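Structure record follows, encoded as structure tokens.
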Amino acid sequence: MEEKIKDIFLILLVGAVAVATYYFYQNYFGVGINNNQNEPNIEIIEGGSTATSTNKTTTTSTKNTTTGTKTTTTKTSTITPEGVYLIYYYKSGFSPNDLTIKRGTSVRFINKSSTSMRVFATDQSDLFHKQLNQSQTVGYDGVYEYTFTQVGLWEYTNATNNIHLGKILVY
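Quick note: the sequence shown uses UniProt numbering, first residue 1, plus one each step.
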């Protein structure tokens, strides 16, 4: 009988550790069953109108393509009046996570998650890509801006949560 009590206690202990681990990872890394908690809706404004973002006027554009009876809307990134592209970091990752820009263009990464953000190149094998690495981790509303002066494909991640990836093609 004493052996069964030990087995039941061990099973309960393992279950409690599993539940605690789940909640830790969900709160710390943003990984869990419901990944879209507390994320704001992003509004797409048709026709290149302006939208307000953190007290600055920005331009958002969309591209509508009609094929037969099907209409496809492609979401493009937000651009400030100064020509800086905005990429937001949410609990679910970077948005947009795929961007094509002209050489000499700046991109501003803005952390809108409750976790930290540190933009880092996924390719650490050469100095070319390491230039993208953010020197400091930032919290909510923290900003990192980088000007892309070289042509190429720049793949990046959040160094504090490397499952979130993005890429920027510079032409």
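Backbone N, C-alpha and C define an ideal beta-carbon position, used for all residues, glycine too.
All values derive from a computational prediction rather than experimental measurement.
Open item on the list: By the three-class DSSP mapping on this structure, what secondary structure does Asn36 have?
Closed with: Start at 1 with the first residue of the sequence shown, and residue 36 comes out as number 36. In this predicted model, Asn36 has a pLDDT of only 40, less than 50, meaning its place in the structure is not dependable; the value taken from the coordinates is given anyway. It is coil, neither helix nor strand.
Task: Host beta strand (DSSP E) of Leu132 (start-end) - done: On the sequence shown, position 132 is the one that residue 132 refers to. Premise fails: Leu132 is in no beta strand (DSSP E) and is neither H nor E.
Task: Three CB pairs or more closer than 8 Å across the segment 80-92 and the segment 124-136 - done: These segments do not touch.
Task: Buried or exposed by the 16-neighbour rule on C-beta atoms within 10 Å, applied to Gly166 - done: Here residue 166 corresponds to residue number 166 of the sequence shown, with the count starting at 1. The residue is buried, with at least 16 neighbouring Cβ atoms inside 10 Å.
Task: Chain-order list of residues whose beta-carbon lies under 6 Å from that of Tyr88 (same chain, five-residue window excluded) - done: Taking the sequence shown and counting its residues from 1, one reaches residue 88 at position 88. Excluding positions up to five away in sequence, the list reads Ser95, Ile110, Lys112.
TODO: In angstroms with no decimal places, state the Cα-to-Cα distance between Thr160 and Thr122.
DONE: Against the sequence shown, residue 160 aligns to sequence position 160. Against the sequence shown, residue 122 aligns to sequence position 122. Those two C-alpha atoms are separated by around 13 Å.
- [ ] Report yes if the CB atom of Val143 is closer than 8 Å to the CB atom of Arg108, and no otherwise.
- [x] For the purposes of this step, residue 143 is taken as the residue at position 143 of the sequence shown. For the purposes of this step, residue 108 is taken as the residue at position 108 of the sequence shown. Yes, the Cβ-Cβ distance between Val143 and Arg108 is below 8 Å.
Task: For Asp98, the first and last residue of its enclosing beta strand (DSSP E) - done: Numbered from 1 along the sequence shown, position 98 holds the residue referred to as residue 98. Note, Asp98: beta strand (DSSP E), 98-101.
Open item on the list: Considering only their Cβ atoms, is the gap separating Asn133 from Phe148 smaller than 8 Å?
Closed with: For the purposes of this step, residue 148 is taken as the residue at position 148 of the sequence shown. For the purposes of this step, residue 133 is taken as the residue at position 133 of the sequence shown. No, the pair does not count as a contact, with Cβ atoms beyond the cut-off.
TODO: Compare the beta carbon distance of Ile163 and Leu99 with 8 Å and say whether it is the shorter of the two.
DONE: For this step, residue 163 is matched to residue 163 along the sequence shown. For this step, residue 99 is matched to residue 99 along the sequence shown. In terms of Cβ geometry, Ile163 and Leu99 do not form a close pair [threshold 8 Å].
Task: 8 Å contact criterion, which Ser116 and Gly139 should meet: CB distance rounded - done: Stepping through the sequence shown from its first residue, residue 116 is reached at position 116. Stepping through the sequence shown from its first residue, residue 139 is reached at position 139. The distance from the Cβ of Ser116 to that of Gly139 is about 6 Å, consistent with a contact at the 8 Å cut-off.
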